[in-house]
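S.K.: My questions will all concern the structure given below.
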Amino acid sequence: MDPVPDLPESQGSFQELWETVSYPPLETLSLPTANEPTGSWVATGDMFLLDQDLSGTFDDKIFDIPIEPVPTNEVNPPPTTVPVTTDYPGSYELELRFQKSGTAKSVTSTYSETLNKLYCQLAKTSPIEVRVSKEPPKGAILRATAVYKKTEHVADVVRRCPHHQNEDSVEHRSHLIRVEGSQLAQYFEDPYTKRQSVTVPYEPPQPGSEMTTILLSYMCNSSCMGGMNRRPILTILTLETEGLVLGRRCFEVRICACPGRDRKTEEESRQKTQPKKRKVTPNTSSSKRKKSHSSGEEDNKEVFHFEVSEKRKCGCTEMISDLMTCF
1 MDPVPDLPES
11 QGSFQELWET
21 VSYPPLETLS
31 LPTANEPTGS
41 WVATGDMFLL
51 DQDLSGTFDD
61 KIFDIPIEPV
71 PTNEVNPPPT
81 TVPVTTDYPG
91 SYELELRFQK
101 SGTAKSVTST
111 YSETLNKLYC
121 QLAKTSPIEV
131 RVSKEPPKGA
141 ILRATAVYKK
151 TEHVADVVRR
161 CPHHQNEDSV
171 EHRSHLIRVE
181 GSQLAQYFED
191 PYTKRQSVTV
201 PYEPPQPGSE
211 MTTILLSYMC
221 NSSCMGGMNR
231 RPILTILTLE
241 TEGLVLGRRC
251 FEVRICACPG
261 RDRKTEEESR
271 QKTQPKKRKV
281 TPNTSSSKRK
291 KSHSSGEEDN
301 KEVFHFEVSE
311 KRKCGCTEMI
321 SDLMTCF
């Protein structure tokens, strides 16, 4: 047989290649620390081993992390689908007031006390004054939420129409209600009901005033297709602290081109539909009795006149005396 030719170094055996691999330096090995007891480590060549046998069984609970139960009273339940729209002044006697603007065609916002309804123009500021009887807790907020008024629509979420949303570029462009004049306003969308709201920290009144004013703007018309679509809405304004409602007030809102005209029209229509009060008729029976009684007294005082001739004067005198005895 022909002798096997020598292979180049790159094609040598694996053993020769392995022998060329250098070992890591000794200082990189883990050495016993000073806190460990003397004699627990045994030197074996270049390594130190524990002079103890490991446990023969593996504790499968070593990775279990105890979970502390959360008290049930600290878990906030998901909000209800149907929001509460009844007034609740609470212990702080929450009260809302609106500026008196009248029904002129030039006004951009006006409030009807008769209808408990705010009329305002699109994207125009509506001042609302908030009054409480005592100072709320620190960190209290005011929350404004829009809901549909009628029962058949109350489960739907009030949002801006697609047209007005596309014209806006802010992050909260789908929200109907906005708070103006405050950098601390925050916009929320409930993860359960998808209802949208805006909050602002409660600020105490300025010196010399008992009211705190917030500025609300409504960013869509009530008649917008794809949005409210002429469905009446309510605004729920709540005073809250740490998720607890301290007070609640509700009022209807109509966003239109001419608030003064629409307010005047609806107030006049309301007056026409109200039933007229009946006039109180006098008690005729008592008046009749009084009249008959008085007429009897007048009859008793009536005077009778008789015409008598000369010849029968004596006989008439006797006749008159007889007639008087009959009465």
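Take the sequence shown: its position 179, counting from 1, is numbered 179 in the UniProt record's numbering, and each next residue is one higher.
Backbone N, C-alpha and C fix where the C-beta goes; we use that ideal spot for every residue, glycine too.
1) Please name the residue or residues paired with residue 349 in a DSSP beta bridge.
2) Taking CB distances under 8 angstroms as the criterion, tell me whether residue 263 reaches chain C.
3) In chain order, what residues of the same chain have a beta carbon less than 7 angstroms from the beta carbon of residue 205, not counting five sequence neighbours either side?
4) Of the choices 175, 183, 107 and 103, whose alpha-carbon is the least far from that of residue 235?
5) Which residues in the same chain as residue 223 place their Cβ atom closer than 8 angstroms to its Cβ, once the five residues preceding and following it in sequence are excluded?
6) So, using beta-carbon positions, are residue 130 and residue 118 closer together than 8 angstroms?
7) Hey, how far is the Cα of residue 202 from the Cα of residue 187?
8) Under three-state DSSP, which class holds residue 151?
9) Could you have a look at residue 178 and say whether DSSP puts it in helix, strand or coil?
10) Determine contact between the region 190 to 199 and the region 253 to 268, defined as no fewer than three beta-carbon pairs at a distance below 8 angstroms.
11) Between which two residues does the beta strand (DSSP E) containing residue 213 stretch?
12) Is it a yes or a no for the region 214 to 223 touching the region 99 to 107, going by three-plus beta-carbon pairs under 8 angstroms?
13) Would the region 83 to 90 count as touching the region 243 to 250 if we require 3 or more Cβ pairs under 8 angstroms?
14) If residue 109 and residue 124 are in contact, beta carbons under 8 angstroms, what's the gap, nearest whole angstrom?
15) Tell me the DSSP secondary structure of residue 264 in three-state form.
16) From this set, 116, 148 and 20, which residue's C-alpha is nearest residue 266's C-alpha?
17) I'd like the span of the beta strand (DSSP E) that includes residue 99, first residue to last.
18) Considering only residues of the same chain and omitting the five flanking positions on each side of residue 114, which have a CB-CB separation below 6 angstroms?
19) For the alpha helix (DSSP H) holding residue 201, just list the boundary residues, first then last.
20) Assign residue 136 to one of three DSSP states: helix, strand, or coil.
21) May I have the straight-line CA-CA distance separating residue 81 from residue 128, to the nearest angstrom?
22) Between the Cα of residue 94 and the Cα atoms of 275, 238, 253 and 273, which residue gives the shortest distance?
23) Check whether the Cβ atoms of residue 179 and residue 158 sit closer than 8 angstroms, and answer yes or no.
24) State the DSSP-derived secondary structure class of residue 269, mapped to helix, strand or coil.
25) I need the straight-line Cα distance from residue 144 to residue 275, nearest angstrom please.
26) Looking at the structure shown, is residue 71 part of a helix, part of a strand, or coil, going by DSSP?
27) Please confirm whether residue 185 and residue 200 have their CB atoms less than 8 angstroms apart.
28) Does the Cβ-Cβ distance between residue 83 and residue 149 come in under 8 angstroms?
29) Could you pull out every residue in the same chain whose Cβ sits closer than 7 angstroms to the Cβ of residue 166, ignoring the five residues on either side in sequence?
30) Considering residue 186, what are the terminal residues of the beta strand (DSSP E) in which it resides?
31) Going by DSSP in three states, residue 127 sits in which element: helix, strand or coil?
32) Beta carbon of residue 146, beta carbon of residue 177: below 8 angstroms?
33) Could you tell me how far apart the beta carbons of residue 241 and residue 137 are, in whole angstroms, since I believe they sit closer than 8 angstroms?
34) With burial defined as no fewer than 16 other Cβ atoms inside 10 Å of the residue's Cβ, what is the status of residue 270: buried or exposed?
M.R.: Checking against the coordinates, here is how it stands:
1) Nothing can be reported for residue 349: it is not among the residues displayed for the chain, which extend from 1 to 327.
2) The structure shown contains no chain C; it is built from a single protein chain.
3) 211 and 212
4) 175
5) 229, 230 and 256
6) no
7) 15 angstroms
8) helix
9) strand
10) no
11) 212 to 218
12) no
13) yes
14) 6 angstroms
15) helix
16) 116
17) That residue, residue 99, is in no beta strand (DSSP E); it is neither H nor E in DSSP.
18) 267
19) Where residue 201 is concerned, there is no enclosing alpha helix (DSSP H), although the beta strand (DSSP E) it sits in stretches over 196 to 201.
20) coil
21) 27 angstroms
22) 238
23) no
24) helix
25) 35 angstroms
26) Per-residue confidence for residue 71 stands at a pLDDT of 49, beneath the threshold of 50, marking its modelled position as unreliable; no derived number is given.
27) yes
28) no
29) none
30) 186 to 189
31) strand
32) yes
33) 5 angstroms
34) exposed
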